[in-house]
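Numbering (the working numbering), first residue to last: 4 to 335.
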């Protein structure tokens, strides 16, 4: 007889437990009965052999046998039939408690909503980490190239041309730096190696020296001052577009990052050692949180781009955290 679960969840569960007992305990009963049959058969045979040896009479071999031993296999066969019938009925229970199509679709819908809420943030976080890693590598390469250049030619302030025209300085700086960088394309003063920024037409400029590095990023030189080799005087900017000229947002703080050049080397603009653009919390607000132009120092020193998630005062979106140099370096 097939199982019908008209008594609700409680009835279905009770039937389920009965089925569970059948599956678990019936095989154990089979094994026990089989072992019992073997033991009784061995016992009867021992008795018969003992009788025959004692009386030397083969007739007792047949007289001592019991019909019960022969009947045991019939009991087991009956139990096997009962077990197969019950398991067939229990399959109805498994069918009765299966998920319906509607229930499956609801679960899939919930999973989809959760994924839609979490995946964008996850992708954004992963993308930022990749940009930071690439930016740090470029910074290391620039510093290395600058140091090797000065080791060969001497301090830049001693050979960069003076005067109001920046083009000769950009040319000689670009050419000498390129000797120590891996370059895939050198545009010089031509177009094709840089994109325009909101405050400077890098791509269209005929005075800024431009090139594309082997990793696909673009580099542009603008040595706007005549260096005097006095202290840490800033005499030029280096613009790095980590996505290259034809990809990305082409905006400061997202894929275009600014580095400063002085007699000591190259350093990220807006960092703690950039006294004119980022050394204090107030300068950080003005030049990074508002303009995003001087955020290179923050990105490299703190390892994140959370300045894109704050208002003009550094307050994180959907949070009371206010970013600064000393206590809060991330919105998390």
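Just so you know, even glycine gets a beta-carbon here, dropped at the ideal spot from N, CA and C.
Setting aside the 5 residues that flank it on each side, residue 148 is surrounded in the same chain by 180, 183, 184, each with a C-beta closer than 6 Å to its C-beta; the list follows chain order. The DSSP assignment places no complete alpha helix (DSSP H) segment of no fewer than 4 residues inside the region 211 to 285.
Rounded to whole angstroms, residue 323 and residue 230 show a C-alpha spacing of 44 Å.
By DSSP's assignment, residue 191 forms a beta bridge with 213.
In the DSSP assignment, residue 313 is bridged to 319.
The residue among 274, 104, 247 with its C-alpha nearest the C-alpha of residue 194 is 247. Counting other Cβ atoms within 10 Å of its Cβ, residue 110 stays below 16 and is therefore classed as exposed. A straight-line Cα-Cα distance of about 24 Å links residue 170 and residue 234.
The DSSP-derived three-state label of residue 324 is coil.
Under DSSP, residue 186 shares a beta bridge with 216.
When the five nearest sequence neighbours on each side are left out, the beta carbons in the same chain lying within less than 8 Å of the beta carbon of residue 199 are those of 205, 206, 207, 253, in order along the chain. Counting only residues of its own chain and dropping the five nearest sequence neighbours on each side, residue 213 has a CB closer than 6 Å to the CB of 190, 196, 197, 223.
Contact between residue 245 and residue 260 holds, since their C-beta atoms are separated by about 7 Å, short of 8 Å. Going by DSSP, residue 300 is part of the alpha helix (DSSP H) stretching over 299 to 305. A Cβ-Cβ contact shorter than 8 Å links residue 226 with residue 238.
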